[in-house]
Structures are given as C-alpha cells and as structure tokens.
Amino acid sequence: MIKKWSQWFGPILIFMGVLCLVIAPFVPVEIDAEGFVHEPGFYLIPVSYVFFLSGIIVTLVMTIRKKLRKRN
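Residue numbers (the numbering used here): 741 to 812.
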C-alpha cells in the first residue's frame, strides 16, 4: 500500500508546484493610500519553486533506487 502511494509522491509535489503558479495570478493585489503594493499571494511563487524542485528530486531518487534494485 505504501509503495503504491510513494511512487506518486514526486508527481504530486510537481503538480502542487504547478498549481501554486496557476493560482498566484488570481490572488487580488491591493495598492494602499501611500502607494505600497500588497500581494497576499506572493508567497505562492517561492513555494511553487520548492514544491517543483522537491518533486523533481524525489522522482529522480525514486527512479534511480528502482533501477538499482532491479539490477541487483
């Protein structure tokens, strides 16, 4: 059961990264009276990078481990 779930962990992280990038432009931006821009969804951009890169790393590690186990 866990092996089936763990094979999808990397692609799920990549999907979450892409989802954060898709959602980020739809968060409303406000400009206050002093001219400062307030972007409450700005954190989604670096979070999406973290999700995307960690998903790629997890996918690569799982693929390498799977190929090494098949060889032995």
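Ideal placement from N, C-alpha and C gives every residue a C-beta, glycine not left out. Because the structure is a prediction, the values reported are computed rather than measured.
Item, Value
"Specify, as a first and last residue, the run of the alpha helix (DSSP H) that G795 falls within.", "L784 to R811"
"Can you tell me where the alpha helix (DSSP H) holding V762 begins and where it ends?", "F749 to I763"
"Going along the chain, which residues of its own chain have a beta-carbon closer than 7 Å to the beta-carbon of V798, five neighbours each way excluded?", "F749, G750 and L753"
"Which whole-angstrom value is the C-beta distance of L784 and I763, which I expect to be below 8 Å?", "6 Å"
"If you draw a straight line from the C-alpha of R805 to the C-alpha of F755, how long is it?", "22 Å"
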